[in-house]
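Peer 1: In terms of my numbering, the sequence shown opens at residue 2 and continues consecutively.
Virtual Cβ for every residue (Gly too), placed ideally from N, Cα, C.
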Amino acid sequence: MKTVQAENLSLSDLLARLSNHMDGLATEVHRIEQTLGDAFGRTTAEGAQTIMRLQRLDFLRQSTEDLALLLHFLSKTHDGTLDRNLANMVRLDVTKALINDDGSGSVELLPQEHVMGDVDLF
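1. Tell me which residues share the same chain as Ala69 and place their Cβ nearer than 7 Å to its Cβ, disregarding the 5 neighbours each side in the sequence.
2. Where does Gln35 land, buried or exposed, given buried means 16+ other C-beta within 10 angstroms?
3. Thinking just about the alpha-carbon of each residue, which of Asp67, Gly38, Thr65 is nearest to the one in Arg54?
4. Tell me the rounded alpha-carbon separation between Gln63 and Glu8.
5. Assuming contact is defined by CB atoms lying nearer than 9 Å, are Leu61 and Leu71 in contact in what I supplied?
6. Over what stretch of residues does the alpha helix (DSSP H) that includes Thr96 continue unbroken?
7. Applying the 10 Å Cβ sphere with the 16-neighbour rule, what's the burial state of His78?
8. Using DSSP with H/G/I as helix, E/B as strand and the rest coil, what is Asp39?
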């Protein structure tokens, strides 16, 4: 059965809802990170491969948080133009690249497997 919405949802409201949803997803990923960190605190890690997989989980969390922030800013004004400082309001280079697309359309969404960095698990 289809439900009819009493009034049309504004773009601002939709973007705000998307921002809240992305923020909730980031919180859930952070909980998973903490659980894994606790588990690895009791056992030995399985080497570099495990660390790289955990870094990708951390990247997923950071990206989800950044996209939630981007959606939050977009929900504030939607007149068809972007704030010139929008890219400076987010943290990750990959999110900034999404905003400042140079037309190539090939933004690397995940860090390379061999790239090592900090993991916020423990």
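Peer 2: According to the data block:
1. Ser20, Met23, Asp24, Ala27
2. exposed
3. Gly38
4. 35 Å
5. no
6. 94-100
7. Reading off the sequence shown, one finds Thr at residue 78, where the question assumed His. Exposed, by the Cβ-count rule.
8. helix
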